[in-house]
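The structure appears right after this line, and notes come after that.
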Amino acid sequence: MLDNISQLKKIDSQWLDQVVHELTQVSLSLAARGASENLPSTAEGQDLEALWREPYPEYGSAGLKVATLLNPTGEQENFDYRDCRSPAVTPLLLQVPTIHDFFKASGFQIMGSRLLRLDQGTFLHEHRDFVYLEEVPRFRLHIPLITNDRAFITSPGLNVHFERGYLWKLDPKETVHSACNFGSAPRIHLMLDCYVNEPLAQLLAGQSLDDRLKHKLPPFTKAKKDQLMTEARGLLAKGMNGAPELVTAAEEVLLRTFCQYDLRAYSADLTTYDLLFELYADASLAARKIYWQERLSEVYPPAQSQKESKEKGLLIAR
């Protein structure tokens, strides 16, 4: 398990509070200039609304939001993700000196960084990252800024709560994973993708994982599968009759199961995409089935597909 997910070191709570304070001030300033609607601060993290964009709606449910800090060009609205050994600073990072100073002092070789927010009820589809990038050692580091005990990183059959107060590591290429927030307030993480160098290697040598933060998922059963397929088919039927939002709702009934159940307890190779293929078994729905087959190939790509995608410069960003 440590190869996939681990805690690398403690992070001071006052440092975390200062980061949240600086981000809040930036967001309020943006809202005051009319860059975004200034929503009332009814929940922790709510006054950070002006920072966010939703560039990847196809990879999760509504509420997956991003604010870039380091990227290949330094443009705030550049959400491309690629190998980059000298990432540029975005305007947002220049306004958050506590994070900027941390990056400069860390010694990490950072490929890119962003703030990643999951609104309440949001989840990502099961996926892998870095699939089409260079074959070099790298990891994704997370620093939870605002979280709750119903926010998890999910790998097959297991939810892990990334507790505030730690620097966390995820291997997002070798680990089929998701992220979900089933709490009542937004979850916000500072995320860094880093090539492995000596400072990071030293932290990896002492990595650990607190058992109390691991939550084994209940087994997926035939009865549960039948129940959810019936629910999804009902929504799909309504959606095909002029309510396209219900098509998405039908798919999400099944896509969400990765974060809720141990699918492999039912079948060793079962994925949420297999459930979608069953949903779209009717030949009249072939186009949607093909879409999800293509998505499956991103998560479990055959070797030839990886080679062809690299040659075409295909970049998958999440």
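Our numbering puts the sequence shown at residues -6 to 311.
Every residue gets a Cβ at the ideal spot worked out from N, C-alpha and C, and that includes glycine.
The C-alpha of S99 lies about 8 Å from the C-alpha of P192. R121 and P165 do touch by the CB rule: their CB atoms are close to 6 Å apart, below 8 Å.
Three or more Cβ pairs closer than 8 Å define a contact, and the segment 80 to 89 meets that threshold against the segment 14 to 25. With 16 or more other CB atoms across the displayed protein chains lying within 10 angstroms of its CB, L57 is buried. By the Cβ rule, the segment 178 to 189 counts as touching the segment 134 to 142, because three or more pairs are nearer than 8 Å. Within the segment 81 to 124, complete alpha helix (DSSP H) segments of at least 4 residues are found at 84 to 87 and 90 to 99, given in chain order. Distances from the alpha-carbon of K215 to those of D255, R249 and A198 put D255 closest.
Inter-segment contact for the segment 268 to 275 and the segment 240 to 253 is present: three or more beta-carbon pairs are separated by less than 8 Å. Within the DSSP secondary-structure output, V292 pairs in no beta bridge.
For K282, the CB contacts under 7 Å within the same chain, skipping 5 residues up- and downstream, are F270 and Y273 in chain order.
According to the DSSP assignment, Q200 belongs to no beta strand (DSSP E), since it is labelled neither H nor E.
By the C-beta density criterion, R78 is exposed, having fewer than 16 other C-beta atoms within 10 angstroms. The alpha-carbon separation between K97 and L63 amounts to approximately 12 Å.
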